[in-house]
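In our numbering, the protein residues as written are 5 to 168.
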Amino acid sequence: MSRQHSPNPMNYQLHGVASSSSAGPNNNGNGNGAAKAQQQRAKGLAPGITASAEDVKYQTKYKELKRKVKEIELDNDKLYLKLLLAKKNIRRMNLERAILYERLAAVPPTPGRQPQELPDHDPAFPAQNQINSQDMTDHAMAEYMHAHPNARVVRGPDGRVVAI
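1. For residue 150, report the span of its alpha helix (DSSP H) as first-last.
2. Just the C-alpha distance for residue 2 and residue 164, rounded to the nearest angstrom, thanks.
3. What do you get for residue 149, buried or exposed, if any count of 16 or more other CB atoms within 10 angstroms of its CB means buried?
4. Candidates 73, 106, 79: which alpha carbon is nearest residue 154's?
5. Hey, out of 142, 90, 109, 143, whose CA is closest to residue 156's CA?
6. For residue 236 and residue 83, what's the separation of their Cα atoms in angstroms?
7. In three-state terms, what does DSSP make of residue 156?
8. State the Cα-Cα distance for the pair residue 72 and residue 86, rounded to the nearest angstrom.
9. Whole angstroms are fine: how far does the CA of residue 68 sit from the CA of residue 79?
10. Quick one: grab the DSSP three-state call for residue 162.
11. Can you give the Cα-Cα distance for residue 58 and residue 66, rounded to whole angstroms?
12. For residue 109, which of helix, strand or coil comes out of DSSP?
13. Expressed to the nearest angstrom, what Euclidean distance is found between the alpha-carbon atoms of residue 88 and residue 94?
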């Protein structure tokens, strides 16, 4: 945004002085009109100085604010990059977790170990078919479990499905 300077009031005062001193009744040739013109010029100078001082004040304030905005934008850019890196790391870790879960689910049999050594099911955790039989009351859940047999169902304390 560019700042437009206000017109110099001194120019307007000088034109007003010249027209009033030449056409006014006080111009009788004795120099009294020249003294009045000098006084009016002095009065006209003060607002011009004040206006330029205000302009300088506004310009310094503008530069200060512009500098602050640049600093804040720079800080925002740095924080945004940190946020992007954090999101990227979260995506990478989620992918690693999914891969590890897949590897854990497909543990190959250990050489020298008999498959009968492992219990068929853990009594603390119900078998998958028991979970599926409980879910058959919800038609949408039954369809989803049929389409995704390896999906894990997490139930809340009241028995409702919290997450899949």
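Where is the CB? At the ideal position from N, CA and C, for every residue including glycine.
In terms of the structure at hand:
1. 143–151
2. Outside the modelled stretch of the chain, which goes from 5 to 168, sits residue 2, for which no answer is possible.
3. buried
4. 106
5. 109
6. Nothing about residue 236 can be reported from this structure: the residues present for the chain run from 5 to 168 only.
7. coil
8. 21 Å
9. 17 Å
10. coil
11. 12 Å
12. helix
13. 10 Å
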